[in-house]
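Chains C and Y are the protein sequences, given in the same order. So for the first sequence, our numbering puts the first residue at 30; every next one is plus one. So for the second sequence, our numbering puts the first residue at 997; every next one is plus one. Ideal placement from N, C-alpha and C gives every residue a C-beta, glycine not left out. Working notes, beginning with the structure itself.
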Amino acid sequence: MTDQLGALTTIFTEFYYWITVVLMFLIHVGFCMYEVGASRYKHHQHTLMKNTMLIPLVTVTWFFFGWWIYWAFPTGPGLAPSIMNESAALITDESTFSAKWYMPNTEFMAVNLGDHISGVFWAAFLLFSWTAASIVSGAIIERITTFAFGILAIAIGSVFWTIDAAWGWHFDGWMLKLLGYHDAYASGVIHAIAGGFALGVLMVLGPRIGKFSSSGEPRNIGPRNPWLVTVGLFLIYTGFWGFYAACNIPIFDLGPEYGMEGISYWTATNIYVTPTTLSGITFNFLMSLSGGLLAGYWIAKGDPFWTYSSGLAGIICASAGNDLYHPIQAMIIGMIGVVIAYKLHYWVERKFKIDDAVGAVAVHGYAGVVGLIICGFVLNGYPSSGYSVGAMWDGSTYASINPLGQLIGAFIMFVVLGLIPGYVLAKILNGMGKLRIPREVEIAGLDYEMMESAKEDEKAVSSATR
Amino acid sequence: MATVTNWIDHLNKPAEEVAGAVYPGAGSSETLLVILGVVIWLGWHVLTARNESEELSRLARKRHGANDHKNNVTDW
């Protein structure tokens, strides 16, 4: 970098994404606390380690292939040509944003004085990956093996969510072009897919022992430590600020980008490179959080567990369009999402005997799907991409945001890339006898040996005289 | 192994000629490092899966009751 203004812009962007990564780390801290608080005493330590170990597993696989998938798959492949090279094949050519530069053995995947952005952008997306895997983790506590969860975490965190991000979040993604898909803050690309994946796994994994009576009535296995759950959810709220900021590009000149000659327009943009402001999304983040909390407190009759979760569900539901909504629209959409997610959770639990230990399928999956669908109506007619300002190489433009496109998009996220892969992988792991812990261990508690050993140590120390 | 041995020499070129990658072994070791990383990753799964299977089998054989863990609650 040799000119000061260019250097400032680059290093500001680098630092901006770095800060989002630090903030998003709190999401994972929150998820860990939440899960431990929700699990029973005899499973605490294994529950914590299961969620913790997804950090290194998803990170190394994100380095090896997850990041490459994101840059290679926007075209499908085979569904819509790239605007960069006009080919519908995997993007692995010499294009500026080709996956070729993000192979794990390239010089851009390391300390590189000529590239200040790849590492922080890679990390921001990686933290989204952790979130996707962590959403699944909560639903399946107290009965899955750590081995099986590791495989599932890699699948959702480094494969399936990154495919959906390439399809529906990348500026060159086929879902934008053909469906007019819009999901600015990831109602679908993170939350709906992770909720669907969790549901697919739960269908195979089955409920915790004792969750349902012999007549099929569900029993409440409430959080063992509601205060840890509370702090965990507050930390997730806090980390969510970083998540929102990370979905933006902080400073960008859209004039040249859109091919507008002689026009310069500096702004923040969303992930699709269309203009928004950090200020505007701050309105909507807080109003959708508030809508979720208000609706959750009402519908759950003041139950703290659901009220806190509903704050999250409110944000998740409004996230698809929070780059453009009015704050009161965001609040109302958040409220609608919460009511539907809450009702669906208990209906699915009773009807299909699904034991979602923390309500993750509802809070992330159902609220995400509802948010995508509502977005199609409220933002109907908006351009899905700034690149549709001018005609593409073949004279067509990106599709506009529309209800049908969002509905199909929600189906792709929740079912095609979420539920089906989760179900199939869980079936395979179950067939190998590796999915669920033995019944005797579930009854005794995963931590039994650790606790027994600690008790022995305690006896030895307390009887010691020197 | 050092890619840079003198920062003044390294930076005292036209901007487009300054090599970006400055880690040890730049340009020659990356593929080998990736292979090593993948072996470590997969090996970890094998080792920890074996440990977990042994632990679960051992615990399952003992058939503890649902409340037996309460005898193991420590005071510290």
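Sequence-distant residues of its chain with Cβ nearer than 6 Å to residue i (five each side left out)
i	result
Phe226 of chain C	Val165, Ile185, Gly447, Gly451
Ala152 of chain C	Val50
His1006 of chain Y	Val1000
Ala161 of chain C	Ile185, Gly186, Trp190, Ile219, Ala223
Ala396 of chain C	Ala342, Ile345, Cys346, Gly366, Ala370
Thr298 of chain C	Ile278, Phe281, Pro304
Gly419 of chain C	Here the model assigns Gly419 of chain C a pLDDT of 48, short of 50, so the residue's position is not dependable, and the following value carries that caveat. Counting only Cβ-Cβ distances below 6 Å, and skipping sequence neighbours, we find Gly288.
His355 of chain C	none
Rounded distance between the beta-carbons of residue j and residue i, thought under 8 Å
i	j	result
Ser413 of chain C	Tyr301 of chain C	7 Å
Gly320 of chain C	Ile361 of chain C	6 Å
Val188 of chain C	Tyr46 of chain C	Wrong, their Cβ atoms sit about 23 Å apart, outside the cutoff.
Gly434 of chain C	Gly405 of chain C	6 Å
Ile170 of chain C	Ser338 of chain C	About 15 Å separates the two Cβ atoms, so there is no contact after all.
Ala497 of chain C	Ala177 of chain C	No answer is possible for residue 497 of chain C: it lies beyond the span of chain C, which begins at 30 and ends at 495.
Leu208 of chain C	Ala428 of chain C	6 Å
Asn409 of chain C	Ile430 of chain C	6 Å
Trp97 of chain C	Phe154 of chain C	Not really, about 12 Å apart at Cβ, beyond 8 Å.
Glu487 of chain C	Trp1072 of chain Y	6 Å
Ser158 of chain C	Phe60 of chain C	That belief does not hold up - the Cβ atoms of Ser158 of chain C and Phe60 of chain C are roughly 13 Å apart, past 8 Å.
Phe93 of chain C	Met113 of chain C	About 24 Å; that fails the 8 Å criterion.
Tyr99 of chain C	His199 of chain C	7 Å
Ile53 of chain C	Gly271 of chain C	According to the sequence as given, residue 53 of chain C is Met; it is not Ile. Yes, Met53 of chain C and Gly271 of chain C are in contact; Cβ-Cβ is about 4 Å, under 8 Å.
Glu115 of chain C	Glu1051 of chain Y	The pair is not a contact, with the Cβ atoms about 55 Å apart (cut-off 8 Å).
Val89 of chain C	Gly1033 of chain Y	7 Å
Gly268 of chain C	Leu55 of chain C	4 Å
Met997 of chain Y	Gly1021 of chain Y	6 Å
Cutoff 8 Å: residue i Cβ touching any chain Y Cβ
i	result
Gly179 of chain C	yes
Leu446 of chain C	no
Pro236 of chain C	no
Gly35 of chain C	no
Gly186 of chain C	no
Asn254 of chain C	no
Gly419 of chain C	For Gly419 of chain C, the pLDDT reaches just 48, beneath the cut-off of 50, and the residue's location in the model is therefore unreliable, although a value from the coordinates is still provided. Cβ-Cβ to chain Y under 8 Å: no for Gly419 of chain C.
Gly474 of chain C	yes
Ile345 of chain C	no
Tyr477 of chain C	yes
Leu142 of chain C	yes
Asn249 of chain C	no
Thr175 of chain C	yes
Glu481 of chain C	yes
Glu123 of chain C	no
Bridge partner(s) assigned by DSSP for residue i
i	result
Thr296 of chain C	C:Phe281
Pro247 of chain C	C:Phe241
Ser429 of chain C	C:Pro412
Pro304 of chain C	C:Thr298
Asn141 of chain C	Y:Ala1017
Ile173 of chain C	C:Arg465
Contact set for residue i: own chain, Cβ-Cβ below 8 Å, skip 5 residues either direction
i	result
Asp282 of chain C	Ser293, Tyr294, Trp295
Pro255 of chain C	Gly66, Pro333, Phe334
Glu123 of chain C	Lys129
Ile250 of chain C	Arg69, Arg237, Gly239, Lys240, Ala386
Min CB distance residue i to chain C below 8 Å
i	result
Asp1005 of chain Y	no
Val1034 of chain Y	yes
Gly1021 of chain Y	no
Arg1051 of chain Y	The sequence shown places Glu at residue 1051 of chain Y, not Arg. Yes, contact with chain C.
Thr1001 of chain Y	no
Asn1068 of chain Y	yes
Ala1017 of chain Y	yes
Asp1013 of chain Y	Note that residue 1013 of chain Y corresponds to Glu in the displayed sequence, not to Asp. Chain C, which has no Cβ nearer than 8 Å to the Cβ of Glu1013 of chain Y, makes this no.
Leu1038 of chain Y	no
Ala1056 of chain Y	yes
Ala998 of chain Y	no
Trp1072 of chain Y	yes
His1065 of chain Y	yes
Ser1024 of chain Y	no
Same chain, Cβ closer than 7 Å to residue i, five either side skipped, listed in chain order
i	result
Asp476 of chain C	Lys71, His72, His73, Gln74, His75
Gly202 of chain C	Pro103, Ala195, Trp196
Thr121 of chain C	Ala101, Ser127, Ala128, Lys129
Leu373 of chain C	Ala391, Tyr395
Thr336 of chain C	Leu322, Gly325, Tyr326, Ala329
Glu485 of chain C	none
Point to revise | Uninterrupted alpha helix (DSSP H) stretches inside the segment 364-418 of chain C (no shorter than 4 residues) | key: Taking only runs of at least 4 residues, the alpha helix (DSSP H) segments lying wholly in the segment 364-418 of chain C are 396-407.
Practice item. Give, in chain order, every unbroken run of the beta strand (DSSP E) that is at least 3 residues long and sits entirely within the segment 74-136 of chain C. Key: Within the segment 74-136 of chain C, no complete beta strand (DSSP E) run reaches 3 residues.
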